[in-house]
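As you go down the protein sequences, you meet chains A and E in turn.
Heads up, my numbering is the position in the first sequence plus 9, with the first residue counted as 1.
Heads up, my numbering is the position in the second sequence plus 1, with the first residue counted as 1.
The beta-carbon is built from N, C-alpha and C at its ideal position, and this holds for glycine as well.
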Amino acid sequence: MNVYDNLLGMEEVLDEFIVETVDLLEGVNEDLVSLESGADGEVVNRIFRAFHALKGTCGFLGFEQAKNLALVAEDLLKQVCNNELEPSGTIIDLLLETSNWFSSFIGDVRERADKEYEIEPLIGKLHEARYGNEKHNEIEHSQLVGLDQSIDEVTTFGDSAELDENNKLPSAEEAEPATKQEDPTSVDKSVIDDYQPPECAPPSDSDEATILEACSVAKERPTTIQSKDGKPSQAVRTIRVDMERLENLMNLAGELALSRNQLGQAYANLLATKIPDGALDNLDQVNTSLARVTTEIQEGVMQMRMLPISSVFRKINQVVRGLSRKRGKQVQLELIGEETELDRSVIEAIGDPLLRLVRNSVDHGIEKPEDRKAAGKPEQGTVILRASHEGNHIVIEVEDDGSGVDAEKLVTKALAEGVINSSEAGAMSYREKLNLIFKAGISTAAQVTDVSGCGVGMDVVHTHISKLNGIIDVDTKIGTGTRITIKLPLAPAIVMGLRVSVWEEDYIIPLTSIIETAKVMDEDLTKVEDKWVIRFQDSVVPALFLDEWFLIETIGKDEHSERYAVIVAVAEFRYALVVTGLKGQEEVVIKPLGQALGRIPGVAGGTIGADGLITIILDVSGLICHMGLG
Amino acid sequence: MTSGGFETDSHTQEPALSSSMENDEAKGVEETVFMVTFQIACQTYGGDILQIQEVTRLSAVTWVPHLQPCIRGVSNLRGSIVPIVDLGIRLGLRREDGKEGHLIMIARTDQGLIGYIVDSVSGVVPVSRQTIEPTPEGWMDGDHKYYAGVVKLEEKLVSIVDFSNLIQTDQVLLDEVRLG
């Protein structure tokens, strides 16, 4: 019998459950990590309440295994709450493991996959941690479970018992009737049977407080922040908004800005004609205030999509912890600039590549303590994750003080894997050799581990970053460490671009890809093996004529007219795009060209100018890829 | 009953419509659908009014490379970028370098809005669904799936264009192989 059969028609409830649980788990992971570095009882309480809520909702929805696991974890946490158990590293590890299990479980729920899980070993370990050095009081435990289950019902349905305006917890009288409002069809009979009236097992004051807290756990976390002295601090009020609505709003804000520009233009035209003095004063005022409000709306909408990068960083923190323990290495992760904000979609896309980079650092960069000691370094290695804003970009650095990358080793490996041949290897500069790290099938790890070193690390990172219009750079010194720098646009929808002309047509090249521009002299251009190359500084880069790409008629055009090269970087490689004019930088909103056209190679989208005309925005990496230059 | 939509064979986009249609047929109810009539190359065609969002004048079109010849480029429709398709070329009615129409019918499709260039739009006519006949087999060299049917209008046969089936995204790129 599929558990989802019972939940037919409850799609919304399930979706809500997924969203809330993901939030909850995120909080748990953060709290667990902070617990390890020593935190107060409030953190433990929060974790406890989270598992308690999980148990309630999972039980309510009929996810028996999940409920049981949450129950055991909650049990363990209760001990910690009551200071009967020290939150040791083992316990935190176990709880992290539990939390991870729930994460994958939620993934299955999202797919509506009803599975049988192997959770007994984990439950066993949790039990062991709980009862290992203490006699198990059977009676007390069963009472506790009975009581807790009654709390579950209060929690599950108590969500509908709203908190009052000051976010105060509902009183016991208010919370109790909630159990009676249950839909009779969804009440688990055994729960009612197990329910012990408070008279049978009179709860202590602190128990009651726990119940009440548990009632509010789902609501409390996002809405209030308790300051350390227990007084409620200023509430952070948030609501969930559908991304699509936000996107729509952003489109409209862009439209508004467009209309503002057109109005400004119309106003300027009016001024140019002969109109009596003062006749347009009113219009001038309206025009000015409209312009200001529009700008603010646009910025406001944009800010709504911005999130601090801390959520990504924390996740990485957790992984580093586990990984360093597993590898027998001492690694300290330093997080700098966690508050740096960037667009939600970039946050989502950057998590995976960053994780890979940090894993690489821990796995291959940082040496074993004894090796570090021998090399005269502190036994504990350091990995620094640093985020900062730089103009309209965000710069993320992953730096370690490990062994560094040996470019020659990369070459040897690349030769062995057949990625390059020996004549190519001979012609490579140091930088090019180092960039081999981004080629598929290359890994410097002496042995393949389960986390990284299986040869699919850096090339995936490289692909991800290219997709985000970003640049990635490696800087390394053997024996001292490695620094990888990623530079990304803040929001994918806003593009700082260079407007170039190709004969009569205009195009926009995203500034993130551009290294620099230069005037092209005829003697700089040469053909090598049927392909155009251009001399740029000390190197030779492949040249791409944009008029050729856009199939623009060049017959009858002056062959010797001025040409400019826009030097672009696709990840770590450089190319020259040849155009006929440079018009200047502008900030544009990128829009899709319409679903019907699908993905057109070399075209990232279009933007609508103040004149209402559409200008094509180039997708530099796609362009390079399709020209067979990559 | 004003809900319409022509029978569009198995490619029918709106299941709700087709099911209501079956019911009506079963009951033998006379159903009227509304059809926009327009002209390309001096011939009149029809289209389901429910597929058409609006008709606008052709404004500046930005050329996009490497697409099928029938796709003229993209145009700005109140802040959205909409692909512009020359319907005449798409239906094989006119040579590529022929005279171009100046009106766009904006059609709602599964792939978003698409603008189709036509010469002129003459009006909206009510048509009884029972009088719509299936497109003759082998018509237009296998292109019959671009038509939802034919109907007799003032003693002339008018083909009804199914706007939802005209552009297949995977066929949009002209010459990907050559580029690679």
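Within the same chain, and ignoring the five residues on either side of A/Gly337 in sequence, the residues whose Cβ sits closer than 7 Å to its Cβ are Lys377. Within 8 Å of the CB of E/Asn77, the CB atoms of chain A belong to Ile617, Gly621, Leu622 and Ile623, in sequence order along the chain. Residues of the region 113-130 of chain E whose Cβ lies closer than 8 Å to any Cβ of chain A, in chain order: Gly113, Leu114 and Ile115.
Contact fails between the region 288-299 of chain A and the region 470-490 of chain A, because fewer than three Cβ pairs, one in each stretch, are under 8 Å apart.
With the criterion set as a beta carbon lying under 8 Å from some beta carbon of chain E, the members of the region 586-608 of chain A are Lys600, Pro601, Leu602, Gly603, Gln604, Ala605, Leu606 and Gly607, in sequence order. The region 56-67 of chain E makes no contact with the region 156-172 of chain E, as fewer than three CB pairs between them are under 8 Å.
A/Asp290 and A/Lys283 have their C-alpha atoms some 14 Å from each other. With 16 or more neighbouring CB atoms inside 10 Å of its own CB, A/His373 falls in the buried class. Judged by DSSP secondary structure, A/Pro96 falls outside any alpha helix (DSSP H); it is assigned neither H nor E.
Comparing C-alpha distances from A/Arg368 to each of A/Pro387, A/Val407 and A/Asp533 shows the shortest one belongs to A/Val407. When secondary structure is reduced to three states using DSSP, A/Ala396 falls in the strand class. Interface annotation for the region 304-315 of chain A against chain E: empty, criterion Cβ-Cβ distance under 9 Å. Excluding the 5 residues flanking it on each side, A/Leu267 has same chain C-beta neighbours closer than 8 Å at Ile617, Ala619 and Gly621, in chain order. Using a C-beta cut-off of 8 Å, the region 380-392 of chain A makes contact with the region 407-425 of chain A, since at least three inter-stretch Cβ pairs fall below that distance. When CB distances to chain A are screened at a threshold of 9 Å, the residues of the region 37-61 of chain E falling below it are Ser60 and Ala61, in chain order. A Cβ-Cβ separation of about 27 Å leaves A/Val420 out of contact with A/Leu364 under the 8 Å criterion. Scanning its chain for C-beta atoms nearer than 6 Å, with the 5 sequence neighbours on each side dropped, one finds around A/Val549 the residues Val542, in chain order.
Annotation for E/Tyr148: the continuous beta strand (DSSP E) segment containing it runs Tyr148 to Leu154. For A/Asn260, the chain E residues whose C-beta falls within less than 9 Å of its own C-beta are Gly80 and Ser81, listed in chain order. At least 8 Å separates the CB of A/Val340 from every CB of chain E. In the three-state DSSP reduction, A/Arg508 falls in the strand class (E or B).
Sequence-distant partners of A/Ile474 (beyond 5 residues in either direction) whose C-beta falls short of 8 Å from its own C-beta, in its chain, are Pro362, Ile480, Ile481, Ile495, Leu497 and Ala580. Nearest to E/Ile90 by C-alpha distance, out of E/Ile41, E/Leu154 and E/Thr63, is E/Ile41. Close CB contacts of E/Arg73 within its chain, under the 6 Å cut and outside five residues either way in sequence, are with Val62, Ile85 and Asp87 (chain order).
Taking all protein chains in view, the Cβ of A/Pro519 is crowded by 16 or more other Cβ atoms within 10 Å, so the residue is classified as buried. For E/Asn77, the enclosing beta strand (DSSP E) starts and ends at Ile72 to Leu78.
Considering only A/Arg608, A/Arg381, A/Ala277 and A/Val42, the residue with the shortest C-alpha distance to A/His635 is A/Arg608. Judged by DSSP secondary structure, A/Tyr516 falls within the beta strand (DSSP E) whose first and last residues are Glu514 to Pro519. A Cβ-Cβ separation of about 5 Å places E/Val83 in contact with E/Leu114 under the 8 Å criterion. Chain-ordered listing is empty here: chain E has no CB closer than 7 Å to the CB of A/Leu104, the nearest sitting near 47 Å. Residue state for A/Met315 is assigned as strand, using DSSP reduced to three classes. Residues of chain E with a Cβ closer than 8 Å to the Cβ of A/Trp512 do not exist; the shortest Cβ-Cβ separation is about 12 Å.
Nearest in C-alpha terms to A/Lys592, of all of A/Leu627, A/Leu560, A/Ala578 and A/Leu507, is A/Leu507.
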